[in-house]
Every structure is written in structure tokens, then in C-alpha cells.
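Chemist: Before anything else, here's the structure in question.
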Ligand SMILES: Cc1cc2nc3c(=O)[nH]c(=O)nc-3n(C[C@H](O)[C@H](O)[C@H](O)COP(=O)(O)O)c2cc1C
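Numbering (the UniProt record's numbering), first residue to last: 1 to 376.
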């Protein structure tokens, strides 16, 4: 499978550097942003979910209508939509976009956030519900006959789905870093989403996901998605200066960002989700890890969401990304801090270098194979 790039979409130009509290969805911005992703060859965009935020489904349908190739990843918390409704909504979006719908599942990483929309299950129960939910979606897309469901979290009778995804099923992604996330994502997901951690820690997570897939008797494995927040400039020196300016802005904007809710959690409360706990632990090991992984942006946001930066020149960042490609990551999510301008920078300067690195690796592998063959 090829290496593909993901980015994240927000419906207006408010961002962590220039936050605009209460800014409405801006169709002109959304069109320009999504088309820029499409034009520069990003393959996916994630529409994230939070209890008080914009709706991913309507944004996803809008983006599908103004782009040609970009796949639309709908972030979905099971508590927000009954599974039979989600099965039809995803299949409908898939048909309207010519097979470009993807769903990214979030079990829910905070009790307080889940309670905002009436979900009072424990985290273990939320993961158990997620497992049941994914099984229902698969059955709804595959079954030609009406079926009943008598599970722990869902019961229904004689459900018959007439809306089929273009390729039989919509790709299913699962994100998280707890044992339950590995087990459920490893056994049922097509894609497994991770936040940026050092290579060694990422490798450990990938091994656990693959082990879960094997234990579930799968012959294939989920494709691995890793997420970074690159800070790029022409030279190393300029990039580091930009990184420190970014950090100052994150800290300075903190009171406003807490109001927007986006990616900022109160600094005095430890996160409940394992993914964020891991990031904060790793941050204690040092500001810079591996080639260019930078952790002060993680601590500044109390590890709420994808917060690990990569800092450097385009070549350094491409090399850092290629390290993860070599580790087995096929989906690379990159979003900066100045969303639109960063997409342009990444599209112009980073994606081509990553593709060049991959082409060099493929040529080398081919030459090695040919040498091996002629030696026989
Ligand atoms: C790539 C990726 C994207 C995510 N997107 C969201 C999101 O849009 N909304 C959200 O509430 N959580 C999101 N999460 C967070 C987790 O899915 C969530 O905290 C999880 O349900 C529990 O995490 P844990 O298993 O690490 O404890 C995302 C996680 C990853 C890895």
C-alpha cells in the first residue's frame, strides 16, 4: 500500500495562533482549504469531533461536493448516533462522494466530555460499546437480509439496510492507546490512528496492534496512521525560531484557546485517556527526541489531542517522516498551527521530498532484488 497524507479540517480560519472565539463556519474558507489539500495531493482529511464543536457530517458532505479525490474521515463517537443510522449516513456519503467516505472511531477519552452529551458509561464500557457498534456497521453493510441484534448496548429487530457503500464497506479507523483500543482496533479496524511518539514507542504500539490483529485470527493488519504538527521553515535556524514563536503564541493565547475548546485542556487536570498520558510521560524525557520531534507543544496543551511537533527544514522533516514510513506507518497526518498556510508549505516542500525518499527506497529494493536474482 502507498504512503498517504492526511490533514485535519476546521471550518474557518480560526487557529491556535490566531484564535477567533465564536467564528462561524466559513464556506469560502472551507472550499479553499479543502481544494488546496486536494490539489497538493493530500489523500484524506479528518473532521474531528468535540461535544461543543462543529458537526463533522455536514462539513464532510460539503467538502465532498467541492473536491475530487480527497477522502472524508468522519470522527464518530458511538454515543452520538445510533449505529443503523450511522451505517446509512456513511454509505450515503460514500455514494455521493464516489467512494471517499472513511469513519474514525473515538471511544471517548474523558468522562466529563462524554457526560456533556448524556453518555455516562465507564471508559471500559465505552470501548465494549464501540466493539459492538463496529460489528453492527459491518453487518449492516454486508447483509442482504434483514437481521436482529441482541447485544449488550444495542437491541433491534428486522433491520434492513438498502444503502450500500461503493466498495462494499466504508474503511473503519480506530484511535487510542489503551489496551482496549489495541484489542478492538487490532481485531476490527482497517486503519489504526496514533499520535506522534518517538520511533521506539511508536514501534511498541504498532507491535501491540499487529499482535491484537493476529490474536483475532486476521490474515491482514490495520494500516498505521501517525500524527504530527510540523513547524517548517527554509533553514533549521528559522524553523527553531518559528517553533519558539509558536510556543509563545500557544502559551499567550491559552485563556482564549480554553474558551474555544480546541485542543486545550485545563492545565491543572490530568488527562484520562492513555494517549495523552503517554505523551506527557514522554515529554519528561526531553524537549527534542529522535531527529526532530518536539514536546513543548505537548505540555503547553496538556497533551489534549495531536500535539507533538516536528521542527526543521523541509529535508529534516521529510527524513523524520520517512523514519516512520520505514517503521511501517502508511498514513501520515500533518497539520501545523497556521492551518491553511501550513498546508501550502507542506504541499510544496515536504510531500515531494517524502515521495522522493520513498521512490529512492523502492529503486534500491528493486536493484537489490535484481542483484539477488542474478546471483542465483
Ligand atoms: C488520530 C487520532 C484522532 C483523534 N480524534 C479525536 C477527535 O476528533 N475527538 C476526540 O474526542 N478524540 C479524538 N481522539 C482521541 C481518542 O480517540 C480518545 O481519547 C480515545 O477514545 C481514548 O483514548 P485511549 O485509548 O488512549 O485512552 C483521536 C485520537 C487519535 C489517535
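Quick reminder that beta carbons are idealized off the backbone N, C-alpha and C, glycines included. Predicted model only: the values in this text are computed from it and were never measured.
What are the start and end residues of each continuous alpha helix (DSSP H) run of 4 or more residues lying completely inside the stretch 327 to 367, in chain order?
Modeler: DSSP runs (the alpha helix (DSSP H)) wholly in the stretch 327 to 367: 339 to 345.
Chemist: In the structure shown, what three-state DSSP assignment does residue 185 receive?
Modeler: Correct three-state label for residue 185: helix.
Chemist: Any heavy atom of ligand 1 closer than 7 Å to the beta-carbon of residue 227?
Modeler: The answer is yes for residue 227.
Chemist: Do residue 59 and residue 11 have their beta-carbon atoms positioned less than 8 Å apart in this structure?
Modeler: Yes, they are a contact pair.
Chemist: Decide if residue 180 is buried, meaning its Cβ has at least 16 other Cβ atoms within 10 Å, or exposed.
Modeler: Buried, because 16 or more other Cβ atoms sit within 10 Å of the Cβ of residue 180.
Chemist: If we ignore side chains and look at the alpha-carbon of each, how far apart do residue 24 and residue 62 end up?
Modeler: Their backbone Cα atoms lie some 15 Å apart in a straight line.
Chemist: Please report the straight-line C-alpha distance between residue 240 and residue 288, rounded to a whole angstrom.
Modeler: When rounded, the distance between both Cα atoms is 11 Å.
Chemist: Quick check: the stretch 206 to 215 against the stretch 285 to 303, are there 3 or more CB pairs under 8 Å?
Modeler: In short, these stretches do not touch, since the Cβ pair count stays below three.
Chemist: Under 6 Å Cβ to Cβ from residue 188, same chain only, skipping five residues before and after it: list those, please.
Modeler: So the qualifying residues of the chain are 134.
Chemist: Decide if residue 174 is buried, meaning its Cβ has at least 16 other Cβ atoms within 10 Å, or exposed.
Modeler: Residue 174 should be labelled buried.
Chemist: Are three or more beta carbon pairs between the stretch 319 to 330 and the stretch 249 to 259 nearer than 8 Å?
Modeler: The stretch 319 to 330 is not in contact with the stretch 249 to 259.
Chemist: Given a cut-off of 8 Å, decide if residue 324 and residue 229 are closer than it, judged by their beta-carbon atoms.
Modeler: No, these two residues do not count as a Cβ contact at 8 Å.
Chemist: If you reduce the DSSP assignment to three classes, tell me which class residue 244 lands in.
Modeler: It is helical.
Chemist: Would you call residue 238 buried or exposed, if buried means 16 or more other Cβ atoms sit within 10 Å of its Cβ?
Modeler: Residue 238 should be labelled exposed.
Chemist: Tell me which residue opens and which closes the beta strand (DSSP E) that residue 174 is part of.
Modeler: Note, residue 174: beta strand (DSSP E), 172 to 175.
Chemist: Can you give me the C-alpha to C-alpha distance between residue 322 and residue 275, rounded to a whole angstrom?
Modeler: Cα to Cα, residue 322 sits roughly 23 Å from residue 275.
Chemist: So, with DSSP's three-state summary, where would you put residue 324?
Modeler: Helix.
Chemist: So what's residue 29 in DSSP terms, helix, strand or just coil?
Modeler: Reduced to three states, the DSSP call for residue 29 is helix.
Chemist: From residue 385 to residue 123, what distance separates their C-alpha atoms?
Modeler: The structure shown has nothing for residue 385, since the chain only spans 1 to 376.
Chemist: Let me know the secondary structure DSSP gives residue 75 once reduced to three states.
Modeler: Looking at residue 75 - three-state DSSP - the assignment turns out to be strand.
Chemist: So is the beta-carbon of residue 74 under 7 Å away from any non-hydrogen atom of ligand 1?
Modeler: It does not: the Cβ of residue 74 is nowhere closer than 7 Å to a heavy atom of ligand 1.
Chemist: At which residues does the beta strand (DSSP E) containing residue 7 begin and terminate?
Modeler: 4 to 8 is the extent of the beta strand (DSSP E) around residue 7.
Chemist: Pick out whichever of 76, 216 and 176 has its Cα sitting closest to the Cα of residue 205.
Modeler: Closest by alpha carbon: 176.
Chemist: With the cut-off set at 8 Å, would you say residue 130 and residue 112 are in Cβ contact?
Modeler: No; because the gap between Cβ atoms is not below 8 Å, this pair is not in contact.
Chemist: Using 8 Å for Cβ pairs, my map puts residue 136 next to residue 104. What's the rounded Cβ distance?
Modeler: Not quite, the Cβ-Cβ distance comes to about 17 Å (not below 8 Å), so this is no contact.
Chemist: Quick check on DSSP: helix, strand or coil for residue 210?
Modeler: Correct three-state label for residue 210: helix.
Chemist: Along the chain, where does the beta strand (DSSP E) containing residue 144 start, and where does it finish?
Modeler: Note, residue 144: premise wrong, no beta strand (DSSP E); not H, not E.
Chemist: Could you spell out the range, first to last residue, of the beta strand (DSSP E) harbouring residue 45?
Modeler: Per DSSP, residue 45 belongs to the beta strand (DSSP E) from 44 to 47.
Chemist: Less than 8 Å between the C-beta atoms of residue 343 and residue 36, yes or no?
Modeler: Yes, the pair counts as a contact, with Cβ atoms nearer than the cut-off.
Chemist: Grouping DSSP H, G and I as helix and E and B as strand, with all else coil, what is residue 21?
Modeler: Residue 21 falls in the coil class under three-state DSSP.
Chemist: Between the beta-carbon of residue 368 and the beta-carbon of residue 19, is there less than 8 Å?
Modeler: No, the pair does not count as a contact, with Cβ atoms beyond the cut-off.
Chemist: According to DSSP, what are the bridge partners of residue 81?
Modeler: Answer is none; residue 81 lacks a bridge partner.
Chemist: From residue 214 to residue 22, what distance separates their C-alpha atoms?
Modeler: If I take the Cα positions, the gap works out to 46 Å.
Chemist: Which residues in the same chain have their Cβ closer than 8 Å to the Cβ of residue 233, if we skip the five residues on either side of it in sequence?
Modeler: 239, 241, 242 and 313.
Chemist: Any idea if residue 160 is buried or exposed, counting beta-carbon neighbours within 10 angstroms, 16 or more meaning buried?
Modeler: Exposed, by the Cβ-count rule.
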